[in-house]
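Asks:
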Amino acid sequence: MTVVLIVVIVLLLAVLGAGTMTVVRRNQLGGADRPPEPEVRDGDAPAQQLPEPSPPGEDRGTPSLDGAGSASPREPEPGTVEPGRQERAAPAGTRPRLSDRLGRAKSLLGGSLTAIRGRARVDDATFDELEEALLLADVGLPLTGRLLEDLRSRVRSGEVADNPTALLGALKADVIALFAGEDRDLRYAPESPSVWLFVGVNGVGKTTTIGKLAARESEAGRSVVVAAGDTFRAAAGDQLATWAERSGAGIVRGADGADPSSVVFDAVQHAAARGADLVLADTAGRLHTKVNLMDELRKVRRVADRPPGHVSEVLLVLDATTGQNGLVQAREFAGAVEVTGVVLTKLDGTAKGGIVCAIRSELGLPIKLVGLGEGANDLVAFDPEEFAEALFS
Ligand code: GDP
22 MTVVLIVVIV
32 LLLAVLGAGT
42 MTVVRRNQLG
52 GADRPPEPEV
62 RDGDAPAQQL
72 PEPSPPGEDR
82 GTPSLDGAGS
92 ASPREPEPGT
102 VEPGRQERAA
112 PAGTRPRLSD
122 RLGRAKSLLG
132 GSLTAIRGRA
142 RVDDATFDEL
152 EEALLLADVG
162 LPLTGRLLED
172 LRSRVRSGEV
182 ADNPTALLGA
192 LKADVIALFA
202 GEDRDLRYAP
212 ESPSVWLFVG
222 VNGVGKTTTI
232 GKLAARESEA
242 GRSVVVAAGD
252 TFRAAAGDQL
262 ATWAERSGAG
272 IVRGADGADP
282 SSVVFDAVQH
292 AAARGADLVL
302 ADTAGRLHTK
312 VNLMDELRKV
322 RRVADRPPGH
332 VSEVLLVLDA
342 TTGQNGLVQA
352 REFAGAVEVT
362 GVVLTKLDGT
372 AKGGIVCAIR
382 SELGLPIKLV
392 GLGEGANDLV
402 AFDPEEFAEA
412 LFS
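Quick note: the sequence shown uses the numbering used here, first residue 22, plus one each step.
1) So Val401 is in the beta strand (DSSP E); what residue range does that whole segment cover?
2) Could you name each continuous alpha helix (DSSP H) segment of 4 residues or more that falls completely within the stretch 139–171, going from the start of the chain to the end?
3) What is the C-beta distance between Ala154 and Leu134, in whole angstroms, given that I count them as a contact (C-beta under 8 Å)?
4) Quick test of your reading: Val363 and Lys389, contact by CB under 8 Å. State the CB separation rounded to the nearest angstrom.
5) Pair every Cβ in the stretch 375–384 with every Cβ in the stretch 344–358, then say whether three or more of these pairs are closer than 8 Å.
6) Using 8 Å as the Cβ pair cut-off and three pairs as the minimum, do the stretch 315–327 and the stretch 274–289 touch?
7) Please confirm whether any heavy atom of the ligand GDP lies closer than 6 Å to the CB of Lys233.
8) Does the Cβ of Leu162 have 16 or more other Cβ atoms within 10 Å, making it buried, or fewer, making it exposed?
9) Which one of Asp206, Arg323, Phe403 has the shortest CA to CA distance from Thr361?
10) Looking at Ala270 and Val245, is the spacing between their C-beta atoms short of 7 Å?
11) Assuming Ala257 and Asp287 form a contact by the criterion Cβ under 8 Å, report the distance between their Cβ atoms to the nearest whole angstrom.
12) Any heavy atom of the ligand GDP closer than 6 Å to the beta-carbon of Asp369?
13) Look at the Cβ atom of Lys227, then the Cβ atom of Leu400, and state whether they are nearer than 7 Å.
14) Less than 6 Å separating the Cβ of Val377 from some heavy atom of the ligand GDP?
15) Just how far apart, CA to CA, sit Arg254 and Thr115?
16) Secondary structure at Ala248, three-state DSSP: helix, strand or coil?
17) Can you check which of these residues, Thr366, Asn398, Ser178, Gly344, is closest to Lys373 by C-alpha distance?
18) Three-state secondary structure (DSSP) at Ala270?
19) Assign Asp369 to one of two classes, buried (16 or more other C-beta atoms within 10 Å of its C-beta) or exposed (fewer than that).
20) Pick helix, strand or coil for Lys389, following the three-state DSSP scheme.
21) Considering only residues of the same chain and omitting the five flanking positions on each side of Ala35, which have a CB-CB separation below 6 Å?
22) Determine the extent of the alpha helix (DSSP H) in which Ser282 is found, giving its start and end residues.
23) Go ahead and label Ala397 buried or exposed: buried means 16 or more other beta carbons lie within 10 angstroms of its beta carbon, across all protein chains shown.
24) Can you give me the C-alpha to C-alpha distance between Asp149 and Thr230, rounded to a whole angstrom?
Listed below in structure tokens is the structure:
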């Protein structure tokens, strides 16, 4: 009996010991062992320190930055801040045309349209086929309904001739008209540095888009700093560092799990101290809860907009292959931060190119850029006429 008791006590002690070690290890990862926040110190601009971030996994809340005092200056972490190397900027390449890369989106609508074009006149079957084609291309139910209803009444009134060529011509003009008046220019603040924030869920292509834009803006002669604000996804910082290296942009990084606001803040300070024109700031696309994510984005935006930073673009990155799901995401992000435009990625690999129309019509947000591949040059300005031409050709 005594022996049994002793064995039980020894086992209990062993289990308790292991538990304590696990907790200590976690605390070390989240606290003392974690590398310090990135800091940028410059002779002209005294470094400020944001409140210490909480360990990943905790709600960091919304610290007041107004009260943040000056921190005792520390040397930047080695490898944390790399100044831009403009002389290493990649040479300009040829950008693809939207129509060359629409691929499956083009062939899908094109295939259905061939059948419609073969009809002698416009009847109910023509409208049914057109509806199917538009829905398959992910134009979405509400907009497809509106477009076709309008076309029906125009055919009835004789405004549009009763033949498929005239019908498709009218539809193409309607698609182009959806984007009329859209301000697609990317904005720079009157004073440098301008900050462009990139928001969107994980995997949509934020980091890649920043890399492509860093290359493009560097080629255009602007001095660029990228902020690796996606500290939640371990690989995002390395991915961005590779892009920055290629384009000659500077990069400011934080430790994994560091406060993204502090990374963006440091990037803005770093850019201002060096007279850089533009900060391209990555953000996390996933946190423990959606509420955390949106709170964090609001905070990042506030911090980035504090002088000397000026947020002139908040670009929502959406993956065209997710179709109507992109609309749901767009509503959530647009409700949390003032989105100024959409970057629609992966339009090269999808039959759902029509989502562009749904985003414009349902959300009223301008489509500023489209991603047509994974290479540095595979990012182009959205051109509605070229898009419609490709869809209807
Ligand atoms: P993030 O999590 O939003 O930062 O997404 P990433 O930038 O890491 O991109 C996720 C994946 O999508 C990567 O494999 C990218 O190469 C790929 N990607 C990004 N943009 C495009 C695009 O326009 N076309 C294609 N085909 N792939 C893309």
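From the three backbone atoms N, C-alpha and C, an ideal C-beta is built for every residue, glycine too.
Replies: Short version:
1) 400–402
2) 145–157
3) 7 Å
4) 7 Å
5) yes
6) Yes, the stretch 315–327 touches the stretch 274–289.
7) no
8) Residue environment: Leu162 is assigned as exposed (fewer than 16 neighbouring CB atoms within 10 Å of its CB, all protein chains considered).
9) Asp206
10) yes
11) Contact between Ala257 and Asp287 is absent: CB atoms are separated by about 16 Å, not below the 8 Å threshold.
12) Yes; taking the cut-off as 6 Å, the Cβ of Asp369 has a heavy atom of the ligand GDP nearer than that.
13) Against a cut-off of 7 Å, the Cβ pair of Leu400 and Lys227 comes out as no contact.
14) Of the heavy atoms belonging to the ligand GDP, none sits nearer than 6 Å to the Cβ of Val377.
15) 32 Å
16) strand
17) For the set Thr366, Asn398, Ser178, Gly344, the Cα lying nearest the Cα of Lys373 is the one of Gly344.
18) coil
19) buried
20) Of the three classes helix, strand and coil, the one that applies to Lys389 here is strand, per DSSP.
21) With a pLDDT of 48 at Ala35, under the threshold of 50, the predicted position of this residue should be treated as unreliable, and no value is reported.
22) Ser282 -> alpha helix (DSSP H) spans 281–294.
23) buried
24) 38 Å
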